[in-house]
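Input: a single structure, listed below in structure tokens.
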Amino acid sequence: MGFTRDVKLELVTVPPGAEHCRRAQLSGVLFGAGTFELGAGGHFAVRISVAHPAVARHVLALLKPLQADAQLRTVESAPVGLRYEVLLGDEGRSLQVLNEVGVLSDDLAVQMTAPRRLLERHCCVVAFLRGLFLGCGSMSAPGSPVHAEFTMESEGFAEQVQRLLARLDLPFSLTSRERNVACYTKRGQTAADLLAVLGAHDSCLRWEEHAVLGTVRESANRLANCDAANARRAASAGARQAALISELMASAAWDDVPPRLRDVAELRVEYPYLSLAELAELADPPLSRSALNHRLRRLVALAGELAG
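With the first letter of the sequence shown counted as 1, position 167 gets the number 165 in my numbering; the numbers rise by one all the way through.
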């Protein structure tokens, strides 16, 4: 997931903007990477688990102006390796912050979808999706098969994300898996547009450079294949002409062939695999391609009369 990491490291450098955008982005991170944990005495904590320390520090930076009591810790497990976790308890300002960013309702119930009040502005939708990508987004590397997605546990939330992306003219599809739901695209242009919208402009340029190189490479391969096919056809046609002309030269009818045709006949027999253009340059004096072709066709016709 090297390219996904690069995209996320670029996204954490994008200024979150106004306070409402900051809250929307924090909401996206929480919905994308946050889980609730119940402890003793009914206390709970929110754990935001990410793969890179820069993303964890970015989450802390989003929380700091809101004065939430947050802690950072590292956890290592066999399946996923080292993870960085930001912990929010239910003391002090934390509950109010979780309510302000739409993760908890006013009666402190866990929300399964983001509240509309956070997503009324276009800039806030972008900020929310940027945070969501930091939490649960991934993208294939440039040059590999296209796949960009947000991975979520709730189908209802995945449908909301799909609608938010559509508001930004980013058509994504949904697919249900055993343990999650993915909102994804396999379209190269949509993936590039997503990077640009979220603010990962360097990553977008890398993506588009590979796309252009791929298009040029495909065009070059098509041209090379076309040239090779044309060369094979020309060589095959030349060999057939040489065989027929050889039969003509061995017959009594050869004595009646005019000199201008004889010269061309001898060239074709000597160089059966050359193209018309290459053979025309060897004629003395040089001939145009069309003139050479006309004389060869006349010779083939004469040879055909022998067979007929």
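Glycine is no exception: its CB is placed at the ideal position from the N, C-alpha and C atoms.
Query, Result
"For Glu207 and Gly32, the rounded distance between their alpha carbons", "34 Å"
"At least 3 beta-carbon pairs within less than 8 Å: the segment 233 to 248 vs the segment 264 to 276", "yes"
"Outcome for Asp282 when other beta-carbon atoms lying within 10 angstroms are tallied against a minimum of 16", "exposed"
"Leu277 versus Pro256 - alpha carbon distance", "19 Å"
"C-beta atoms of Ala22 and Ala107 nearer than 7 Å", "no"
"Rounded Cβ spacing between Leu70 and Val84 (contact assumed at less than 8 Å)", "6 Å"
"Rounded C-alpha distance that separates Glu8 from Ser201", "8 Å"
"Meets three-Cβ-pair contact criterion under 8 Å: the segment 59 to 67 and the segment 156 to 168", "no"
"Proximity test, Cβ basis, 7 Å: His120 and chain C", "Of the protein chains in the structure, only one exists, and it is not chain C."
"Three-way DSSP call (helix, strand, coil) for Val214 in this model", "Below a pLDDT of 50, predicted positions are generally treated as unreliable, and Val214, at 48, falls in that range; the measurement from the model is reported next regardless. Of the three classes helix, strand and coil, the one that applies to Val214 here is helix, per DSSP."
"Beta-carbon separation (whole angstroms), Leu290 vs Val262, contact threshold 8 Å", "6 Å"
"When Phe131, Phe170, Asp191 are compared against Tyr182, the one with the closest alpha-carbon", "Phe170"
"DSSP-derived helix/strand/coil call for Ala49", "coil"
"CB of Arg45 within 7 Å of CB of Gln65, strictly", "no"
"Buried/exposed call for Ala248, threshold 16 Cβ in 10 Å", "exposed"
"With 16 other Cβ atoms within 10 Å as the buried cut-off, status of Met110", "exposed"
"C-alpha gap between Val53 and Leu130, whole angstroms", "12 Å"
"Straight-line Cα distance separating Gly133 from Val101", "14 Å"
"Rounded separation between Ala68 and Leu86 - CA only", "5 Å"
"Those residues which DSSP pairs with Leu172 across a bridge", "Cys181"
"Buried/exposed call for Ser286, threshold 16 Cβ in 10 Å", "exposed"
"Thr149 versus Ala235 - alpha carbon distance", "58 Å"
"Start and end residues, beta strand (DSSP E) containing Ala194", "From DSSP, Ala194 is part of no beta strand (DSSP E) but of the alpha helix (DSSP H) over 186 to 196."
"7 Å Cβ cutoff met for Thr2 and Met137", "yes"
"DSSP-derived helix/strand/coil call for Ser142", "coil"
"Val267 in three-state terms, based on DSSP", "helix"
"Minimum C-alpha distance to Pro51 - residue among Arg81, Pro77, Gly30", "Arg81"
"Length of the line joining the Cα atoms of Leu117 and Val95", "17 Å"
"DSSP state of Ser286 mapped onto helix, strand, coil", "coil"
"Contact set for Pro14: own chain, Cβ-Cβ below 7 Å, skip 5 residues either direction", "Arg20, Gln23, Leu60, Ala125"
"The ligand ADP heavy atom lying under 6 Å from the CB of Glu153", "With respect to small molecules bound, the structure shown includes none, and the ligand ADP cannot be examined in it."
"Complete runs of the alpha helix (DSSP H) confined to the segment 3 to 87 [at least 4 residues]", "17 to 31, 51 to 61"
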